[in-house]
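**Q**
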Amino acid sequence: MLPLNFSPLTISTVRSTRHPLFRAAYDRLWEEFGAANEMESEEVLNRRFEWYPCTRVGGAALRYEMAVVTRGRELIAVRDHVAIVRPLSQGGGHAATVHMSHVVVEPEWRRTGVSAWLRAVPLQTGRAALKAAGVSPDSPITLVAEMEHPTSVEDMRTIRLLAYEKAGFLKVDPNRLDYHQPDFRPPALIDATGGPRPVPFTLIVRRVGREAQGSLSPEECRGLIASLYEMYQTGCRPQDMSTLWSALERWPTGTDPVRLIPPSSPATLGVEI
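Whatever position you read off the sequence shown (first residue = 1), add 23 for my numbering.
(1) Alpha carbon to alpha carbon, how far is Leu141 from Glu73? Give it in angstroms, no decimals.
(2) With a 10 Å radius around its C-beta and 16 neighbouring C-beta atoms as the bar for buried, classify Thr291 as buried or exposed.
(3) What does the Cβ neighbour count give for Ala59, buried or exposed, with the cut at 16 atoms within 10 Å?
(4) Does the stretch 257-270 come close enough to the stretch 185-197 to have 3 or more Cβ pairs within less than 8 Å?
(5) Can the beta-carbon of Pro76 be found closer than 9 Å to that of Ala106?
(6) For the candidate residues Val121, Met62, Ala48 and Leu52, whose alpha-carbon lies nearest to that of Thr93?
(7) Below 8 Å, how does it come out for the stretch 181-191 and the stretch 269-280: are there three or more Cβ pairs, yes or no?
(8) For Val108 versus Leu146, is the C-beta spacing smaller than 9 Å?
(9) Quick one: which unbroken beta strand (DSSP E) runs of 3-plus residues sit fully inside the stretch 211-288? Chain order, please.
(10) Span of the beta strand (DSSP E) holding Pro110?
(11) Considering only the alpha carbon of each residue, which of His203, Val158 and Ala211 lies closest to His373?
(12) If you reduce the DSSP assignment to three classes, tell me which class Ala83 lands in.
(13) Name the one or two DSSP bridge partners that Arg94 has.
(14) Measure from the alpha carbon of Val137 to the alpha carbon of each residue in Ile248, Asn28, Ser250 and Arg282, then state which is nearest.
(15) Spatial neighbours of His122 within its chain, please: CB distance less than 7 Å, with the 5 preceding and 5 following residues excluded, ordered by chain position.
(16) Nearest CA to the CA of Gly115: which residue from Ala186, Arg70, Ala100 and Val158?
(17) Along the chain, where does the beta strand (DSSP E) containing Ala190 start, and where does it finish?
(18) Exposed or buried, what is Ala143 when buried is set at 16 or more other beta-carbons lying within 10 Å of its beta-carbon?
Right, dumping it as structure tokens:
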């Protein structure tokens, strides 16, 4: 993190649509991500705010929150994220996957340390979720972000990928993993256009305490995706998630490790689902 004088800034945690900062924070995220169908509706987020990790939703304990940075009445930055605590499929115990959903930092505050601080906040949410779920605080934590695939053009997506790369994140090799995010469009529009259109993304991860490892097992990879889909299915119709779950069921269960590569690395994409 770059040196930053936080004294003029206020850092708030939003856990309800009734919070006075929710409207401005949500509207800013929607402005950035809504048009590309990469942002859930306010109705979906309202249900997420009702989660608390001491109560299971399906097979997972979930905690959703926003982190908002302001200076006086000026919005500086906002991010939202979800901690997902699930049982491990092998060996017992639990693991926390923290989905780093969306982040916006206003241009004049980029490269000041605000972005780095906002990448650190979700880790604390993951630790709090483990504690609230009543499982071991030493359970493994993985930070996960869905990112657009890099292009040959130097644009904002490349800048974001390089920032995460410098922060110790690695990309799950897209030659092995053809990952898609659900279709966030309104159900009526999905039906009118012939069904869901999942959005291709690459997954970048920071496996806390295991950052130096250059691969992960197929089983761990499957668990990360299952955690994300457990979260998403609380706000999507079953028929709109079925293709994604079917693709995950076809994921190989062998022992051949899945490479973790620098986020900015180009790669040939897998076959679309």
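Glycine included, every Cβ here is placed at the ideal spot set by N, Cα and C.
**A** So, from the data block:
(1) To locate residue 73, count along the sequence shown from 1; it is residue 50. To locate residue 141, count along the sequence shown from 1; it is residue 118. Their Cα atoms are separated by approximately 23 Å.
(2) Translated into positions along the sequence shown, residue 291 becomes position 268. Low confidence applies to Thr291: its pLDDT is 46, below 50, so where it sits in the model is not reliable, and the reading given next is rough at best. Burial call: exposed.
(3) Counted from its first residue, the sequence shown places residue 59 at position 36. Counting C-beta atoms within 10 angstroms of its own C-beta, Ala59 has fewer than 16 neighbours from the protein chains shown and is therefore classed as exposed.
(4) no
(5) On the sequence shown, residue 76 is found 53 positions in, with the first residue counted as 1. On the sequence shown, residue 106 is found 83 positions in, with the first residue counted as 1. The Cβ-Cβ distance between Pro76 and Ala106 falls below 9 Å.
(6) As a first step, residue 93 must be located in the sequence shown, where it is residue number 70. The shortest Cα separation from Thr93 among Val121, Met62, Ala48 and Leu52 belongs to Ala48.
(7) Touching, no, given that fewer than three Cβ pairs across the two stretches are closer than 8 Å.
(8) Taking the first residue of the sequence shown as position 1, residue 108 is located at position 85. Taking the first residue of the sequence shown as position 1, residue 146 is located at position 123. Taking 9 Å as the Cβ cut-off, Val108 and Leu146 do not qualify as a contacting pair.
(9) 225-230 and 281-284
(10) Residue 110 sits at position 87 when you count from the first residue of the sequence shown. Note, Pro110: beta strand (DSSP E), Glu97 to Pro110.
(11) The chain is shown from 24 up to 296; residue 373 falls before or after that span and cannot be answered.
(12) Mapped onto the sequence shown, residue 83 falls at position 60. Three-state DSSP puts Ala83 in a strand.
(13) Numbered from 1 along the sequence shown, position 71 holds the residue referred to as residue 94. Paired residue(s): Glu97.
(14) Against the sequence shown, residue 137 aligns to sequence position 114. It is Asn28 whose Cα lies nearest to the Cα of Val137.
(15) As a working note, residue 122 is residue 99 in the sequence shown. Once the five neighbours on either side are set aside, the close Cβ partners of His122 are His104, Val105, Ile107, Val167, Leu251 and Met254.
(16) Residue numbering aside, residue 115 sits at position 92 when the sequence shown is read from its first letter. Gly115 has its Cα closest to that of Val158, out of Ala186, Arg70, Ala100 and Val158.
(17) In the sequence shown, counting from the first residue as 1, residue 190 sits at position 167. Element bounds for Ala190: n/a, residue is neither H nor E.
(18) Start at 1 with the first residue of the sequence shown, and residue 143 comes out as number 120. Its Cβ having fewer than 16 others within 10 Å, Ala143 is exposed.
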